[in-house]
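One structure is given below, encoded as structure tokens.
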Amino acid sequence: MIEYENFEFFDKSEIEKLLKTSSEVEIPKILIGAVNGINDVNWLQDLLMNYVENEDYWISKTSIGLFGDLARIFGKIDKNKILKKLKSIERQDLKYIVDEVIEDIEIFCQ
31 MIEYENFEFF DKSEIEKLLK TSSEVEIPKI LIGAVNGIND VNWLQDLLMN
81 YVENEDYWIS KTSIGLFGDL ARIFGKIDKN KILKKLKSIE RQDLKYIVDE
131 VIEDIEIFCQ
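Going left to right, the sequence shown walks through residues 31 to 140 as my numbering numbers them.
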């Protein structure tokens, strides 16, 4: 049986504290929970920017992918800043997710 986990956080200070004290396995879940629960797009963008170039594949992949979610949820993000950051990523193992997210941003953020 599949067990549903709720990834949703509503308190910025709680998120920041959790990110400082959690393992690499937990960080992607916290980032997802932040995007699911916080309505401050600027704060979320800055938070995700801190993890885009993380050495851990899953942390980096999750933070990159969540920019696509921000584009879909909010429709307005700092497009130039985010695209510049995404286009600077050189890791080949992340190229596919970067390309998908750039496409999402172009579609949802005019």
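Just so you know, even glycine gets a beta-carbon here, dropped at the ideal spot from N, CA and C.
Self-check item: Close-in-space but distant-in-sequence residues of the same chain around residue 40 (CB under 8 Å, 5 per side omitted)
Solution: 67, 68
Exercise. Compute the Euclidean distance between the alpha carbons of residue 111 and residue 102, then round it to the nearest angstrom.
Key: 17 Å
Practice problem: Within 10 angstroms of the Cβ of residue 91, are there 16 or more other Cβ atoms? Answer buried if so, exposed if not. | Solution: buried
Practice problem: Could you pull the start and end residues of the alpha helix (DSSP H) that residue 40 belongs to? | Solution: Careful: residue 40 lies outside any alpha helix (DSSP H) and carries neither H nor E.
Exercise. Report yes if the C-beta distance between residue 99 and residue 54 is below 7 Å; otherwise report no.
Key: no
Quiz item: Are the beta-carbon atoms of residue 96 and residue 61 separated by less than 7 Å?
Solution: yes
Practice problem: Give every residue of the same chain whose Cβ lies closer than 7 Å to the Cβ of residue 89, excluding the five residues on either side of it in the sequence, and list them in chain order. | Solution: 54, 57, 58, 81
Quiz prompt | CA-to-CA distance, residue 78 to residue 37, given in whole angstroms | solution = 16 Å
Exercise. Enumerate in chain order the residues of its own chain whose CB-to-CB distance from residue 134 is below 6 Å, with the five nearest sequence positions on each side excluded.
Key: 98, 101
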